[in-house]
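Just below is one structure, and these are the notes that go with it.
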Amino acid sequence: MDYSFYQHYWWLLISLLGGLLVFLLFVQGGQSLIYSLGKKEENLHLLTASLNKKWELTFTTLVTFGAGFFASFPLFYSTSFGGAYWVWMLILFSFVVQAVSYEFIYKQGNLLGKKTYQAFLFANGLLGPVLLGAAVSTLFFGAEFVVNKDNLTTIHPVISSWQNSWHGLEAVANPWNVILGLAIFFLARCLGCLYFINNLNHTEIREKARKQLLINAIAFLAAFLPYLIKLLLKDGFTENPETGIISVESYKYWHNLLAMPWALAILLIGVILVLYGVVRTIFQSAFTKGIWFTGAGTILTVWVVLLIAGYNHTAYYPSLSDMQSSLTIANSSSSLFTLKAMSVVSLFIPVVIAYIWYVWRKLDKK
Amino acid sequence: MYQNDLTLIDWSRAQFALTAMYHWLFVPLTLGLGLIMSIMETLYYRTKDEKWKRTARFWMKLFGINFAVGVATGIILEFEFGANWSNYSWFVGDIFGAPLAIEGIFAFFMEATFIAVMYFGWEKVSPKFHLASTWLTVGGATLSALWILVANAWMQFPAGMHFNPETVRNEMNDFWAVALSPVAINKFFHTVISSWMLGAAFVIGVSSWFLIKKRDKIFALDSIKIAAIVGIAGIALSWWTGHESAYQVAQKQPMKLAAMEGLYEGGDGAGLVAIGLLTPGKQYDDGKDPFIFNIQFPKMLSFLAQKDFNAYVPGINNLMEGGYDTPNGKALSMNEKIAKGKLAANALEQFREAKRMQNAALETEAKQRLDENFAYFGYGYFQSPADAIPNVPLVFYSFRIMIILGGYFLLLFVIIAFLVYKKQFVEKVWLQWICLLSIPLAYITSQAGWIVAEVGRQPWAIQDILPVSAAVSDIEPSSVQITFFLFLGLFTTLLIAEIGILVKQIKVGPEKN
Numbered sequence: 003m004d005y006s007f008y009q010h011y012w013w014l015l016i017s018l019l020g021g022l023l024v025f026l027l028f029v030q031g032g033q034s035l036i037y038s039l040g041k042k043e044e045n046l047h048l049l050t051a052s053l054n055k056k057w058e059l060t061f062t063t064l065v066t067f068g069a070g071f072f073a074s075f076p077l078f079y080s081t082s083f084g085g086a087y088w089v090w091m092l093i094l095f096s097f098v099v100q101a102v103s104y105e106f107i108y109k110q111g112n113l114l115g116k117k118t119y120q121a122f123l124f125a126n127g128l129l130g131p132v133l134l135g136a137a138v139s140t141l142f143f144g145a146e147f148v149v150n151k152d153n154l155t156t157i158h159p160v161i162s163s164w165q166n167s168w169h170g171l172e173a174v175a176n177p178w179n180v181i182l183g184l185a186i187f188f189l190a191r192c193l194g195c196l197y198f199i200n201n202l203n204h205t206e207i208r209e210k211a212r213k214q215l216l217i218n219a220i221a222f223l224a225a226f227l228p229y230l231i232k233l234l235l236k237d238g239f240t241e242n243p244e245t246g247i248i249s250v251e252s253y254k255y256w257h258n259l260l261a262m263p264w265a266l267a268i269l270l271i272g273v274i275l276v277l278y279g280v281v282r283t284i285f286q287s288a289f290t291k292g293i294w295f296t297g298a299g300t301i302l303t304v305w306v307v308l309l310i311a312g313y314n315h316t317a318y319y320p321s322l323s324d325m326q327s328s329l330t331i332a333n334s335s336s337s338l339f340t341l342k343a344m345s346v347v348s349l350f351i352p353v354v355i356a357y358i359w360y361v362w363r364k365l366d367k368k
Numbered sequence: 052m053y054q055n056d057l058t059l060i061d062w063s064r065a066q067f068a069l070t071a072m073y074h075w076l077f078v079p080l081t082l083g084l085g086l087i088m089s090i091m092e093t094l095y096y097r098t099k100d101e102k103w104k105r106t107a108r109f110w111m112k113l114f115g116i117n118f119a120v121g122v123a124t125g126i127i128l129e130f131e132f133g134a135n136w137s138n139y140s141w142f143v144g145d146i147f148g149a150p151l152a153i154e155g156i157f158a159f160f161m162e163a164t165f166i167a168v169m170y171f172g173w174e175k176v177s178p179k180f181h182l183a184s185t186w187l188t189v190g191g192a193t194l195s196a197l198w199i200l201v202a203n204a205w206m207q208f209p210a211g212m213h214f215n216p217e218t219v220r221n222e223m224n225d226f227w228a229v230a231l232s233p234v235a236i237n238k239f240f241h242t243v244i245s246s247w248m249l250g251a252a253f254v255i256g257v258s259s260w261f262l263i264k265k266r267d268k269i270f271a272l273d274s275i276k277i278a279a280i281v282g283i284a285g286i287a288l289s290w291w292t293g294h295e296s297a298y299q300v301a302q303k304q305p306m307k308l309a310a311m312e313g314l315y316e317g318g319d320g321a322g323l324v325a326i327g328l329l330t331p332g333k334q335y336d337d338g339k340d341p342f343i344f345n346i347q348f349p350k351m352l353s354f355l356a357q358k359d360f361n362a363y364v365p366g367i368n369n370l371m372e373g374g375y376d377t378p379n380g381k382a383l384s385m386n387e388k389i390a391k392g393k394l395a396a397n398a399l400e401q402f403r404e405a406k407r408m409q410n411a412a413l414e415t416e417a418k419q420r421l422d423e424n425f426a427y428f429g430y431g432y433f434q435s436p437a438d439a440i441p442n443v444p445l446v447f448y449s450f451r452i453m454i455i456l457g458g459y460f461l462l463l464f465v466i467i468a469f470l471v472y473k474k475q476f477v478e479k480v481w482l483q484w485i486c487l488l489s490i491p492l493a494y495i496t497s498q499a500g501w502i503v504a505e506v507g508r509q510p511w512a513i514q515d516i517l518p519v520s521a522a523v524s525d526i527e528p529s530s531v532q533i534t535f536f537l538f539l540g541l542f543t544t545l546l547i548a549e550i551g552i553l554v555k556q557i558k559v560g561p562e563k564n
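Protein chains in written order, with the numbering used here: chain X, 3 to 368; chain E, 52 to 564.
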């Protein structure tokens, strides 16, 4: 197993974490629905209590996603976080207020009042998925940065420099970034509806959630399908593995899928599972397990979308300012030693997933 | 490029310090209170006495309120490494990222999963499973502390790595040297165990309030008993690990030790300053007496630093001028270190150039010069020798505050334990007031410790390898200023809210039978 194997292994894990994170955004989707599904105080309480048992998993997955990126692809971490400063800061703010809201919302003496913490949850439910989606979209549509490692020897070194003063906010100027942000937002809302239907045995909430599911599923498809088509038709940056030179390749992401038919198969299975969970829940009122189908489909779909961003010598973070500064899994990864050491650690991930699953089942026991 | 502006470095440091200090308001209580409430639930499990369940559940409520803000502030710290310290993230991300990722996989998920059982599982899982979940929650928090302290210790004592000129970064070559470095292990124990002291001070202070109010007496006394024992153990072990920590600082970060002592002119058999007042505005080369007054324990600094009462301890002036004996020969002056740092940078440039020109001979020669001088690489970024000196008054006074308050808490806990054992604590209302008013002092002790550790190591982001001036991200200072004040407003609001909730929850008291 050579260096390239470990680089690919870690991209696979990061992509999988990304898939898990998007699935777990059902918490944010649920939060964005609290006003529409919880007009009665009693219902609102039920909705937040239900999400309260799960929000930490989403939060922890986000933290681990960040830490995993740092450990395996530090050049992305240093370039994107230090460059797209404002996007990451906004994401952080929205998650910080979420974390405290669940604990503070119904406590006496909470200073800001219940409605403020509800608003915080809603804000995180809205901003979290949209901003994360827009940030992920830059893995395909690029960002304006330059990387120059030779600068390290200057008295005030700048290894990664952002080429505009908007520091990440400029991403919204590209409508495709916004469209993916919206797609993730509506997907999270679909997952939120499915989660409530599964988790709360409450007729009124289930009925309302089903109606919301239909609306949000249509909105999701309206955003996601054009994005997927655009992605498969657009140019991408490809790296020559011999020279490390990066150049433009037409239909790069479509070519990636063709080069990896197993990924195409997983993508199709993922999309079918997403649709199956949604459609069956809408049309079969007794069906409450849609979250598992749509959730599994979400993980598979996002996993493959992220895989084709980095596999097959693709630049997963294209630089719009200097093509040769674009990041690939080969030029931005940690050393072979670190990737190997971290790979040993990663063998424990199934154990972690197993105990989370076990505990989740125990707590949801009626 | 904004790096030329010192404002950027200062604001980036201020933002990181702000986040870290707020984070550290919540974490030590999580670690300390977590241990105490776990012991209480264990007593419930073993005795089946409902009073221990009530007691444990009360403290768990406070634990949960505090835990949430700790989690919230923690995520910002992790992302600030990339956001505010971009160069750093590339230069050492190969080593530093691993402990953070391991923390996420092993510790965060453990905490996040089992805390849900701790709160929502009383009626859904067996008492044994619930107890295990409580311990796993605290274990997860402690494991989290382990990995973040491994990362922090590595910054103070880089180990298990080498510099790779081809990738222009430091790369790990010995995982266990990073994870089990003596600095990391000692830092972990010192930090976690001193948090037990803070948890104990909190529990004793809050329980004393119940006694002052003459309510829930049995609950309060039971809580104080457990907390006093944890507190004595915590503070006694903290003294021991603290001593070891000072010894390590003397070996690895002599400038930090000199700042801790306000020591400008070192010597054999150096005394330890018990209390003292520093001369304001003192510069290392102005010839002024560093102290307006001070009282010293003779020869104790030498013992603390070298475990030998007559050993030589260098002061700031000695570190600047060099020339004293070290185990590796004569110490270099700061100017010599800066020159070697610049040689290393120059050799790196030549290596890169030789690589581009495919000139193998020049490449080998440049690599050799780089290896010879790399130990001083970070000094090459200094513009003046004075850049190497941290803020002496802040480090000096913080160290004294930590030590004096540490002694105070040891005395306080011993007195409390004795009086509780003699069943005389309930009558000592004045002491109960002292216990209540001592809660903020525990936080001050803990914060002072971190100021010594982090301000004392300035200007280094990574000791001897990368100063903060070279580690910072290329962002407009105004952006960092805005986020600084946003974080300040947000954290302060959350802190006030948390205190408000805690006070209300404490007033409600433990559940009735």
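A virtual CB, placed ideally from N, CA and C, is assigned to each residue, including glycine.
Going along chain X in order, which residues have a C-beta closer than 7 Å to the C-beta of residue i?
i       : result
N224(E) : F339
K175(E) : K364, L365 and K367
S524(E) : G84
R403(E) : D152
F171(E) : K55 and L365
How would you list, in chain order, the residues of chain E whose beta-carbon sits under 9 Å from the beta-carbon of residue i?
i      : result
T62(X) : V122, G155, F159, F160, E162, A163 and T164
Along chain E, which residues have their Cβ under 7 Å away from the Cβ of residue i?
i       : result
L133(X) : Correct list: empty, because the minimum Cβ distance to chain E is about 13 Å.
L77(X)  : W141
T155(X) : A396, L399 and E400
H10(X)  : The contacting residues do not exist; H10(X) stays about 17 Å from chain E at best.
When you compare only the Cα positions, how much space is there between residue i and residue j?
i       : j       : result
I552(E) : I107(X) : 10 Å
A123(E) : K339(E) : 46 Å
E549(E) : S6(X)   : 48 Å
E209(X) : L48(X)  : 15 Å
L269(X) : L22(X)  : 15 Å
D337(E) : Y315(E) : 11 Å
Q9(X)   : A332(X) : 7 Å
N206(E) : Q514(E) : It should be noted that the sequence gives Met, not Asn, for residue 206(E). Taking the straight line joining both Cα atoms gives about 6 Å.
G293(E) : V243(E) : 12 Å
L196(X) : L216(X) : 11 Å
Q54(E)  : L308(X) : At Q54(E), the pLDDT of 47 sits below 50, so the modelled position is not reliable and the matter cannot be decided from this model.
With a threshold of 8 Å between beta carbons, is residue i in contact with chain E?
i       : result
V197(X) : Looking at the sequence shown, residue 197(X) is not Val but Tyr. So, not an interface residue.
T245(X) : no
N112(X) : yes
M344(X) : yes
W164(X) : yes
P263(X) : no
K2(X)   : Residue coverage of chain X in this structure runs from 3 to 368, which leaves residue 2(X) outside it and unanswerable.
F7(X)   : no
F188(X) : no
S52(X)  : no
Quick one: measure Cβ to Cβ for residue i and residue j, integer angstroms, because I've assumed they're closer than 8 Å.
i       : j       : result
N117(E) : L80(E)  : 5 Å
I153(E) : I351(X) : Not a contact, Cβ separation roughly 11 Å.
N218(X) : F188(X) : 5 Å
Indicate whether at least one CB of chain X lies closer than 8 Å to the CB of residue i.
i       : result
L593(E) : Given that chain E is displayed from residue 52 to residue 564, the structure contains no residue 593(E) and the question cannot be resolved.
Q54(E)  : Annotation note: pLDDT 47 at Q54(E) (below 50); position unreliable, no value reported.
T544(E) : yes
R451(E) : no
A149(E) : yes
Kindly list, in the order they appear in chain X, the residues whose Cβ is closer than 8 Å to that of residue i.
i       : result
R508(E) : The contacting residues do not exist; R508(E) stays about 20 Å from chain X at best.
I116(E) : E105, F106 and K109
**Report entry** Near-chain E residues of the stretch 217-232 of chain X (beta-carbon distance less than 7 Å), N- to C-terminal order
**Finding:** none
Requested in this report: Quick one: which residues of the stretch 91-104 of chain X get their C-beta closer than 9 Å to a C-beta of chain E? List them in chain order.
Outcome: M91, I93, L94, F95, F97, V98, V99, Q100, A101, V102, S103 and Y104
Report task. Compile a chain-ordered list of the residues in the stretch 243-258 of chain E whose CB is closer than 9 Å to at least one CB of chain X. Result -> none
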